[in-house]
Each structure stands twice: as structure tokens, then as C-alpha cells.
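For the record, the sequence lines run as chains A and B. The numbering of the first sequence is my numbering, which starts it at 1 and goes up by one. The numbering of the second sequence is my numbering, which starts it at 320 and goes up by one. We put the CB at the ideal spot given by N, CA and C, even for glycine. Here the structure is laid out as C-alpha cells; the discussion comes afterwards.
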Amino acid sequence: MNIARQFLRRLVPMIAIVVIATFLLSLLMRLLPGDPAAIMVPNSPQEVRDQIAHETGLDRGLLGYYWKWLSGVLTGHFGKYYLNGGSREISTVIKDTLPITLLLILYAQIVALVIAIPLGLVSAYKEGKRFDKIASAVLFTTVSFPGFALALIFSLIFAVKLGWVDPIGYVHPTENFGEHIKLMILPVMSLALGLASGYTRLLRTDVIATLKDDYVTMAASKGISNRRVLWRHVFRPSSTTLLTSAALNMGGLIGGTIVIETIFVIPGIGFEIFYSIGARQIVAMQTLIALIAIGYVFFNTMVDLLTQITDPRTRERRA
Amino acid sequence: MPENSTPVIETPAEEPQVKKKRKSIGFYLASVWIFFVLFLATFGPWLPGPAWDESFYDSLGVSPFHHSHILGTTMDGYDMWAGLQHGARISIFVSLIAVLIGGSIGSFVGITAAYFRGKYDLIVTMIFNIMLSIPNLVLSLALLSVLAYSDEAHPASLARRVVVLIISLIIVIIPILGRIARGSALQWGSREFVLASKSMGSKNFFIIRKHILPNVAPAILAIGFLAVGSVIIVEGSLALLGIGIPGGASWGSMLANGRGNIEFSPHEVYLPALFIAFTVIAFNWFGDYVRVQLDKRESKI
């Protein structure tokens, strides 16, 4: 009951934000100078343009266009790419590209957490010692190292100079899993290193605070081994912030993958946005950007809600 | 941060040591790099050396430490050092101007929203949330691809693209700094001295200027430095995607041009990449230093 009410209280502003944001995107697309249909398919006869304008609602006013787009998206008709030779459904493009991007993000998150959790725990445990100092300095540098600079330097070193992996390309995991992993290493590492640095710093701060709690001293004084105390008594309560931040990063990561996917030529949704901008596919651009925004808002709201359900402390504090 | 009270009590014993260390290494390195880059950006055109947009056909793609091209040339014969100098001008100034203007607008709106509350605050928060609901790279991508639209017959000029890029980045920056300013101003707006000033009959904008702004400014400044870093990243990303500044005029643009030649002249890639990375890292160090100073000041109160 309480959870349902909490959910409803967040649902209304969430929907409002999504509606206004997508409406503004429509407005933005209509600001383009000239005939939008002619922008999408430059060298086409007038009849084709008229038909496209009718199909997309571009022949109507702004509100009519937005309504046509919105009702289309709500009923699963995402619109089309209009190419000179014909058209391509955006929904099939999304079906093909979204899983690849999600996979990339998933790998990056896993790698980042695998690096961050032991590193964060150990540097918190050795707070102020040499290990912690070196780790902190290195992490502060890597956390702000731009992903695309990392991607280019990685592909320069590991693909061009050492020749360990191919600099670009993508293979489906079902086709050839080994090759798939091999090609994903560089893009995943470029995304994961910055994430891992952020996570480590977050976890370190939290663990240092938890280590000072009385029950940790109690557990240690009972003679429980350090490793066990660290994992069971310290890591568990400290991991909430880390996991929340990891979940909140999902939305932002979709933005970050655009450049990484373009550099490594991975056919994900980011690459698709890049392509649709280059090909001036107004409808596709609008739909893809709107989907990212919707996913981002939805995800953030869900995470916010979930943390309130799972962690009673945040619930009490807000009330 | 579940239990706030414990770390606050424990900190004084160890904080000074951490701060001292930060200032000695990271802070000085960051300051030196920022000074160096700002120097290049400001005095670049008056420094001796080849022009950035002149191609040297007798020396295409030479490696760094060449006798007449200290950092080498691109495959098209453009001098790398001159390019980086000119790139500093565009990359740094675009970011600084965007953050300065966007930050000022955002802070003004954020602070006034926190001060006056009510419907105005509600609308402002809503607008910020809408703008923040689209990841900043995606937002600037959408804005730029529409605002800098040009067909092949009439390509947009460099100046127009720079202006449009700055406007897009300003729009991206406004809600980021605006939200920080609003959050910080909310805390200070309910302090006793603001209430006292109000009861003495001070005008609203006098209170904002005299009592709230000086207290909110450090927080905005700290985030502002971080924002400069992220704007440089966005600029580079946009250039890499081919819709930023074209023709090797900025660091990101140099990267975009050099990417195809990565096998033959790797310095075309790693030099601008490192310049971008160092600058972003330096601004972040600087921002962090400002933030730590701010914490110190606040804990004294």
C-alpha cells in the first residue's frame, strides 16, 4: 500500500517530464529550416515527400505532429528511416541495436565493479597507508580521463602497435563468443576504467565510515577474521551507495556509449543515433533520443523507489 | 552517507595531512598545466612558429622532434604544435565561455528559485529536471545538429559553428549548475542572518547579493571547474562524431581528423587526446581543491 502510493507519487512527475521533454524534442526538430521531408530524402520527387510528410505528420502543425508521433510510439509504431531507395522500420533497428548497447554497458558495469570492490575495500582498510595514497592519486587521474581519449589511446597501443585485437568491428556472441569477447575488450575497458575509479572512491569513503562503527569493532574483538569482517560486516552495509550509483549510471552510460560505439564501430543504439544524425533522419533521431530520455528518467525513478524500499534508513530520513 | 555524525567528529585529526598532500602535488601540477594551456590559448597567435592552417607539402606526417616541426606534422602536412596551440584557443575558450555564461544564468535562476520558492521554484525545478532527463552529450548532439544545420551547398562557417556550439553547451550547463546553486541557496536561505536581514527590511535582491551569493559562490565555483572539464569532453565527443567544429580547429577536431591516420602517424591521435585528458584532469584537480577549501571554511563556522 505504502509502496504503491510512493510509486504513484513519483509516476506523475515522471510522466510529465517525459511528455514535456519529448514535446520539446518535436519542437526542436521542427525548428530545422526548410521542408523536413526534403531534408530526409534530398533528391526525391514531390509526391514521395508529400507522402512522407503525411505519414509522419510533418504536414500538420506542431501539436498535430507531436500527437501523431506520441500515439505512434505508444502503440509501438516508432516511425521509419526514409532512405532514397525506400524505408526501414525504426522498431526493427531498435530491436537489433539496443541489446548490443545494453550488453556493452553490462560488461562495462561488471568489469568496473570487479575492479572497484576489492580495490575500494583494501584502500579503505589501509586508509592513509602507501597503498591507499597511491591508489587514490591514480584513481583521481583515471576518473576524469575522458573515455574517448582512453579509447583512442587503447586502440593505438593494443590494436595498432601490438596487434593483439582488431581496432574496430563487432561479432555477435552467438556467432563466435571468443571473437565477441576479444572485440569487446577495448570498448568495455574504455568505458569501465572511469566508472571503476568513481566506484572505488565511493566505496572507499563508505567503508571508512562503516569501519568506525561500533559493531565492526565488536565483530573484530570477537576474533572474527579480518577478511570475514570486511566482507560480511563492512562491505554489505557499505554497498548500498555503490549499487545505487551503479544503477543511476546506466542512463548516462547510454550517452557515453555513443562515442565509444562510433570509435569502435559497434552497431549499437549510440552508433545508430550517430548514423541518423549524419543521414538527417529527423524522425529516427527524435525517436531514438526520446527513448534514451524515457529510459533514463524511468530508470532513475525506479532506482530511487527501490532504494527507499530496500533501505529503510533513506525512507525515514525523507519522511 | 548513512551516519553523518561519525566521520565529521573524527576528521580534524587526519584532514590537514590529506589537504597538504593534495596541495603539494596535484594542485601545483594542475595549476601549471592550466596556466600553460591558458597561456597558449591567449598568446598563441603571437608565439613564433608555423601557422596552424598552413600545409607543409615538403614534410607530410613527420614524427615529433623534427627540426622545424617540434611535435611533427599531420599526414596533410599541418604542424601539430601550431594546431594544438590554436586548438587550445577554441577548446578552452569555448568551454570557459559556455561555463561562464551558462553558469551565471543557471546560478541566477537557481538562487532566485531557492529564495522566492513558490510556483516560480516549482517551474524552474521542473525545467531543470526536463533538461537533465536527457544525457548531456545527447542533448548537445540534438541541439547542435538542428541549430548548426547546413546543406552541402551552403556549409556553415567556422564562426557560426563555434557560436552555435557555445549556445548548445550553455543550454546544457544551465541546469547542471542551476541545480547546484538552488540546492546550496536553499540551505543558506533559511539561515538566521538572512531572516535577520529580512526583518530589518532589506530588499530581496540586496539579501541575495549580500548574504546568499557570497556563501553559494564557492560551491558553484567548485562545480564550475568540473563543468569546464566535462564541457571539454563534450566538445571533443561532438567533434569526433563529426558535428562539432570541423577542419582541425579544436583539439577534438584534430582527433577526428587524425583518427584515420592512427597507423601512420600515431602522434596525430595521442597528442590531442593527451592534451584533452590533461586539461580535463587539471580542471578536476583544481575544482576538487576549491571544494576541499570550501569544506574547511564551512567546518570552521
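Contacts around residue i, its chain only, beta-carbon distance under 7 Å, and the 5 residues preceding and following it disregarded
| i | result |
| --- | --- |
| A112 of chain A | A192, L195, A196 and Y199 |
| Q6 of chain A | L305 and Q308 |
| L139 of chain A | S197, T200 and R201 |
| V234 of chain A | V207, T210, L211 and V216 |
| I266 of chain A | I100, L104, Y170 and P187 |
| D342 of chain A | Since the first and last residues shown for chain A are 1 and 319, residue 342 of chain A lies out of range. |
| A37 of chain A | R49, I52, A53 and L58 |
Cut-off 8 Å between Cβ atoms - residues of its own chain near residue i, not counting five sequence neighbours on either side
| i | result |
| --- | --- |
| A541 of chain B | G606, D607, V609, R610 and L613 |
| A151 of chain A | L186, P187, S190, V259, I260, I263 and F264 |
| I486 of chain B | L462 and L466 |
| I289 of chain A | L25 and I273 |
| I526 of chain B | Y434, V513, S516 and K517 |
| I105 of chain A | L191, M250, L253, I254 and T257 |
| R321 of chain A | Any property of residue 321 of chain A remains undetermined from this structure, which presents chain A solely from 1 to 319. |
| G76 of chain A | S91 |
Beta bridge counterpart(s) of residue i as assigned by DSSP
| i | result |
| --- | --- |
| K95 of chain A | K95 of chain A pairs with nothing; no bridge assigned. |
| Y376 of chain B | In the DSSP output, where bridge partners are listed per residue, Y376 of chain B has none listed. |
| T392 of chain B | B:D398 |
| E89 of chain A | A:K80 |
Candidates the options: closest to residue i by CA position
| i | options | result |
| --- | --- | --- |
| I52 of chain A | A:N300, A:I15, A:G72 and A:G79 | A:G79 |
| G640 of chain B | B:F544, B:S569 and B:A546 | This structure cannot speak to residue 640 of chain B, because chain B is shown only from 320 to 620. |
| N534 of chain B | B:F602, B:V513 and B:S521 | B:V513 |
| S476 of chain B | B:Y376, B:G345 and B:I564 | B:I564 |
| I581 of chain B | A:I294, A:I17, A:N249 and A:F154 | A:F154 |
| I493 of chain B | B:G548, B:A433, B:G421 and B:A432 | B:G421 |
| V73 of chain A | A:E89, A:L62 and A:Y82 | A:E89 |
| D398 of chain B | B:Y376, B:I424 and B:Y347 | B:Y376 |
| V483 of chain B | B:L557, B:W400, B:G577 and B:I344 | B:L557 |
| I447 of chain B | B:R578, B:I490 and B:P383 | For the record, residue 447 of chain B in the displayed sequence is Phe; it is not Ile. Measuring from the Cα of F447 of chain B, the nearest candidate turns out to be B:I490. |
| F427 of chain B | B:L348, B:S414 and B:R498 | B:R498 |
| L357 of chain B | B:M519, B:I411, B:G579 and B:V418 | B:I411 |
| S321 of chain A | A:A279, A:S239, A:L242 and A:R130 | What is shown of chain A runs 1 to 319, which leaves residue 321 of chain A out entirely. |
| I294 of chain A | A:A137, A:L242, A:M218 and A:L70 | A:L70 |
| L366 of chain B | B:Q404, B:G396, B:I344 and B:T393 | B:Q404 |
| L559 of chain B | B:F362, B:G579 and B:S374 | B:G579 |
| G396 of chain B | B:I442, B:I416, B:S374 and B:F384 | B:S374 |
Neighbourhood of residue i by C-beta distance below 6 Å, restricted to the same chain and skipping five residues each side
| i | result |
| --- | --- |
| F145 of chain A | none |
| M573 of chain B | G402, G406, G567 and P591 |
| R204 of chain A | G120, S123 and A124 |
| L505 of chain B | A433 |
| A601 of chain B | A349, W352 and I353 |
| S414 of chain B | V547, V550 and I551 |
| T287 of chain A | F78, G79 and I90 |
Exposure label - residue i; buried when at least 16 CB within 10 Å
| i | result |
| --- | --- |
| I15 of chain A | exposed |
| P33 of chain A | exposed |
| E261 of chain A | buried |
| E587 of chain B | buried |
| M285 of chain A | buried |
| P42 of chain A | exposed |
| Y170 of chain A | buried |
| Y66 of chain A | buried |
| W604 of chain B | buried |
| R317 of chain A | Per-residue confidence for R317 of chain A stands at a pLDDT of 46, beneath the threshold of 50, marking its modelled position as unreliable; no derived number is given. |
| P364 of chain B | exposed |
| W164 of chain A | exposed |
| F271 of chain A | buried |
| P45 of chain A | exposed |
| N576 of chain B | buried |
| I344 of chain B | exposed |
| P585 of chain B | buried |
| K68 of chain A | buried |
Supposed close pair residue i, residue j - CB separation, criterion 8 Å
| i | j | result |
| --- | --- | --- |
| I551 of chain B | V599 of chain B | 5 Å |
| S454 of chain B | G252 of chain A | For clarity, residue 454 of chain B is Pro in the given sequence; the question names Ser instead. So it is a contact: roughly 5 Å between Cβ atoms. |
| L488 of chain B | V553 of chain B | 7 Å |
| V303 of chain A | A247 of chain A | 4 Å |
| G508 of chain B | I531 of chain B | 6 Å |
| Y589 of chain B | L162 of chain A | So it is not a contact: roughly 15 Å between Cβ atoms. |
| V297 of chain A | S452 of chain B | 5 Å |
| R408 of chain B | A360 of chain B | 5 Å |
| V418 of chain B | G543 of chain B | 6 Å |
| I464 of chain B | I17 of chain A | Before going further, note that residue 464 of chain B is Ser rather than Ile in the sequence given. The Cβ separation is near 23 Å, so there is no contact. |
Proximity test, residue i beta-carbon vs the ligand MN heavy atom, cut-off 7 Å
| i | result |
| --- | --- |
| F447 of chain B | No copy of the ligand MN occurs in the structure displayed, which carries no ligand at all. |
Chain D within 8 Å of residue i, Cβ atoms only
| i | result |
| --- | --- |
| N448 of chain B | Here chain D cannot be found, since the structure's protein chains are A and B. |
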